[in-house]
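Residue numbers (the numbering used here): 2 to 400.
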């Protein structure tokens, strides 16, 4: 096993790049133990050193993880990682307020997951002068089409800790919420975003909110904006291959990865080179494709040199640490500015699902809510939220 993992190599050639842990930090210790338990004992020393560099309570400014993203499935993961811990938290919440019903207990538990995780990154938040160390807490996905409900939840989520960034979906209603929160100096992470029109809509929305904030003298010292591109959720979950078949175009795994990267790279350049104040965030990454019998990692390789946020869940970190031939991956500092192959782009542009996603004007705001990737992701997140509600119900029944 190599002393340094691929993420450390990537950051070394990418000034400004931030790696964020894509799960609740409360599971870090258990995850470390699970990783060590399945590793070759000969690699334990290297692994422990890597873990120490990922999250360092003694020297947070030197650690690999510069922030955190969470969402309902990830918060559910935290609860499933240690049910007795959260049953105890639920019992304490009910002792303070015996009148809590199931939904209220769920929301209180969810906020506790956010609180305990964000506490762990407050030292980095403070040491960095409020530039890093944010944890994204998402509004209830069941409210994704209700601006009033999302705004109310956003205020509650941000009030948990000063380093809590509010995660708001890229729905028609979500952009109204982002503009309002930005105008009040509340940091935001735009999620459930898949296509260029959404990404650029967010960048422009944030700018409008900032203009209002500055006009009103709002304190922006603890504000920042990130715009998430859910890459494989666009290509795989959204169904690029199936839409290709409808258009009479055979789409390979490599084509899917390049399609996702093409959208991200175009958005990155537009945001970087324009007068915008948001940072692009890359998530939903996949290992692959396999080329000439050897596994590639295009979702990382093609980001080399980018001043972006890259979020990695535990499962992906596992794949990164155990990548079969890490020394064969060479991160080129200017790779982010290299266009996808012309022949691949010509093929992809024949598929309306991609052509519209790659066009800044390919969708109107009124059309976001029915995009296949958004609909399916919202359904998955809502299901995970319901599982958290069910856990709250079981805690309530046990009292």
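In this text, a Cβ means the ideal position worked out from N, Cα and C, and glycines have one as well.
Assigned exposure category for residue i - 16 Cβ within 10 Å defines buried
i: residue 112; result: buried
i: residue 137; result: buried
i: residue 156; result: exposed
i: residue 149; result: exposed
i: residue 258; result: buried
i: residue 261; result: buried
i: residue 210; result: buried
i: residue 380; result: exposed
i: residue 43; result: exposed
i: residue 217; result: exposed
i: residue 23; result: buried
i: residue 62; result: exposed
i: residue 15; result: buried
i: residue 85; result: exposed
i: residue 303; result: buried
i: residue 170; result: buried
i: residue 316; result: exposed
i: residue 372; result: buried
i: residue 395; result: exposed
i: residue 362; result: exposed
i: residue 356; result: exposed
i: residue 365; result: exposed
i: residue 276; result: exposed
i: residue 398; result: exposed
i: residue 168; result: buried
Residue range of the alpha helix (DSSP H) that includes residue i
i: residue 221; result: Premise fails: residue 221 is in no alpha helix (DSSP H) and is neither H nor E.
i: residue 28; result: Unbroken run through residue 28: none, as it is neither H nor E.
i: residue 269; result: 254 to 274
i: residue 371; result: No alpha helix (DSSP H) holds residue 371; DSSP gives it neither H nor E.
i: residue 134; result: Here residue 134 belongs to no alpha helix (DSSP H), and DSSP marks it neither H nor E.
i: residue 144; result: No alpha helix (DSSP H) holds residue 144; DSSP gives it neither H nor E.
i: residue 189; result: First-last for residue 189: 189 to 192, but that is the beta strand (DSSP E), not the alpha helix (DSSP H).
i: residue 12; result: 7 to 13
i: residue 244; result: 241 to 247
i: residue 294; result: No alpha helix (DSSP H) holds residue 294; DSSP gives it neither H nor E.
i: residue 202; result: 197 to 216
i: residue 88; result: 84 to 97
i: residue 301; result: 299 to 302
Backbone secondary structure at residue i - three-state DSSP
i: residue 129; result: coil
i: residue 359; result: helix
i: residue 168; result: strand
i: residue 52; result: helix
i: residue 116; result: helix
i: residue 139; result: strand
i: residue 19; result: strand
i: residue 392; result: helix
i: residue 111; result: helix
i: residue 156; result: helix
i: residue 354; result: helix
i: residue 235; result: helix
Proximity of residue i and residue j at Cβ, strictly below 8 Å
i: residue 367; j: residue 205; result: no
i: residue 256; j: residue 349; result: yes
i: residue 268; j: residue 230; result: yes
i: residue 378; j: residue 190; result: no
i: residue 228; j: residue 296; result: no
i: residue 390; j: residue 92; result: no
i: residue 197; j: residue 354; result: no
i: residue 254; j: residue 289; result: yes
i: residue 193; j: residue 375; result: yes
i: residue 207; j: residue 19; result: no
i: residue 301; j: residue 233; result: no
i: residue 68; j: residue 133; result: yes
i: residue 266; j: residue 337; result: yes
i: residue 343; j: residue 306; result: no
i: residue 117; j: residue 47; result: no
i: residue 235; j: residue 202; result: no
N-terminal and C-terminal residue of the beta strand (DSSP E) that residue i is part of
i: residue 231; result: 226 to 231
i: residue 72; result: Neither: residue 72 is in no beta strand (DSSP E) and is coded neither H nor E.
i: residue 1; result: With the chain covering only 2 through 400, there is no way to say anything about residue 1.
i: residue 346; result: From DSSP, residue 346 is part of no beta strand (DSSP E) but of the alpha helix (DSSP H) over 343 to 349.
i: residue 285; result: Looking at the DSSP string, residue 285 is not in any beta strand (DSSP E), and its letter there is neither H nor E.
i: residue 312; result: 310 to 313
- Touching or not, the segment 144 to 155 and the segment 71 to 81, by the rule of three or more beta carbon pairs under 8 Å? no
- Item | Validate contact between the segment 379 to 386 and the segment 218 to 225 using beta carbons, cut 8 Å, 3 pairs | no
- Query: Touch check for the segment 108 to 127 and the segment 151 to 169: three-plus C-beta pairs under 8 Å?
  - Reply: yes
- Task: Taking 8 Å as the threshold, find out whether the segment 36 to 49 comes into contact with the segment 331 to 350 through three or more Cβ pairs.
- Result: no
- Taking three-plus beta-carbon pairs below 8 Å as touching, is the segment 285 to 295 in contact with the segment 2 to 17? no
- Item | Validate contact between the segment 123 to 131 and the segment 157 to 173 using beta carbons, cut 8 Å, 3 pairs | yes
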